[in-house]
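Just so we're aligned, residue 30 is where the sequence shown starts under the working numbering, counting upward by one.
Scroll down for the structure; my scribbles are underneath it.
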Amino acid sequence: MTAITEAPPSPNSDFAFVDGVGLDSAAAYRLLVGCVVPRPIAWITTVDSAGRVNAAPFSSYNYVATSPPMLGVNVALRAGDGAVKDTARNILESGEFVVNVATEATMEAMHASAFEYAPEQSETEALKLALLPSRHVRAPRLAATPVQMECRLDRAVTLGRGVNTLYIGEVVAFHLSHAIYDGKRVDSAAMRPLARLGGPFYAALGEIIHRPMLQRPPGGEGWTGPKAPPAG
Ligand SMILES: Cc1cc2nc3c(=O)[nH]c(=O)nc-3n(C[C@H](O)[C@H](O)[C@H](O)COP(=O)(O)O)c2cc1C
């Protein structure tokens, strides 16, 4: 068994030590967005009670379940005034949202939509973003993106000291461009997804490395144990 030694903070260590307990939100944010990288970007569309369309990007985001398919998106209160963001308010009021996958080609418009427009100002109108109707939800899809996922809110979980709420949505419809989907698999490389790093930095896909799942332990040429199930 590998021994785990309790390392006291030491000025001579190869590692800086930051105590997570009691860390303030701003410092925690800086560390997390630098360490949890690269993050995919959910470019979320919602509608408010007057039917206005809102669009904004969120990179604290991933899939969280497959049965049924579910996505989780974490929306913080506004850093300046602690107000609820339009996206969060609309998700709670309507119970619906659409996750549009941000790509290299949509970077400028996506980035611009993060500007804090007034709640009554629609980002999709201000930025002239073309919309497509959804099947199951009122929020429309962003036509410029190759994948759009219609979601119904399953639950909203307010975390920790209340700054962040995780919105978990069931994907009730996938819309996939024929350019990246062959009816079974998504060609993620062809999609050219955009990722968020820490600070004002984005990243595109770099080298793509292929490694099939192992069928036996590494170095286990004589392995007679069970075979791993075929991937996919
Ligand atoms: C690439 C990118 C990713 C972002 N990710 C998040 C996030 O995960 N959570 C969050 O609360 N804000 C995030 N933001 C900030 C929101 O997009 C920003 O607060 C926006 O104004 C919210 O708009 P809304 O009030 O219309 O919902 C991100 C901004 C950018 C540019």
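Heads up, the beta-carbon is just placed ideally off N, CA and C, and yes, glycines get one too.
| Query | Result |
| --- | --- |
| Return yes when the Cβ of leucine 182 is within less than 8 Å of the Cβ of leucine 188, no when it is not. | no |
| Arginine 170 and valine 127: beta carbons closer than 8 Å? | yes |
| Using only alpha-carbon positions, find the residue among Gly124, Thr153, Tyr146 and Pro148 that is nearest to alanine 138. | Thr153 |
| With a CB to CB cut of under 8 Å and the five nearest residues on each side skipped, what residues in its chain are close to leucine 156? | Ala84, Ala138, Ala141 and Ser142 |
| Write down the C-beta distance between alanine 224 and proline 67 rounded to the nearest angstrom, noting that I regard them as a contact closer than 8 Å. | 3 Å |
| Mind checking whether isoleucine 237 and alanine 218 have CB atoms under 8 Å apart? | yes |
| Please classify methionine 242 as buried or exposed, where buried requires at least 16 neighbouring CB atoms within 10 angstroms. | exposed |
| Thinking C-beta only, is threonine 132 closer than 8 Å to arginine 190? | no |
| Can you name the residues that DSSP bridges to threonine 95? | Pro98 |
| Using DSSP's beta-bridge definition, name the partner residues of proline 86. | Trp72 |
| Hey, how far is the Cα of valine 166 from the Cα of isoleucine 73? | 13 Å |
| State the Cα-Cα distance for the pair alanine 173 and valine 192, rounded to the nearest angstrom. | 32 Å |
| So does isoleucine 237 have its beta carbon nearer than 7 Å to some heavy atom of ligand 1? | no |
| Below 8 Å on the Cβ atoms is my guess for proline 148 versus aspartate 110; work out the distance and round it to an integer in Å. | With a Cβ gap of about 13 Å, proline 148 and aspartate 110 do not count as contacting. |
| Have a look at threonine 75 and glutamine 244 and give me their C-alpha separation to the nearest angstrom. | 44 Å |
| If you draw a straight line from the alpha carbon of serine 151 to that of threonine 95, how long is it in whole angstroms? | 32 Å |
| Could you tell me whether any non-hydrogen atom of ligand 1 is closer than 7 Å to the CB of threonine 116? | yes |
| Do arginine 225 and ligand 1 come close, with the Cβ less than 7 Å from some heavy atom? | yes |
| Under a Cβ-count criterion, where at least 16 other Cβ atoms within 10 Å of its own Cβ denotes burial, should serine 88 be classed as buried or exposed? | buried |
| What is the DSSP secondary structure of arginine 170, reduced to helix, strand or coil? | strand |
| Using the three-state DSSP reduction, which class does glutamate 179 fall into: helix, strand or coil? | strand |
| When you compare only the Cα positions, how much space is there between methionine 136 and proline 229? | 13 Å |
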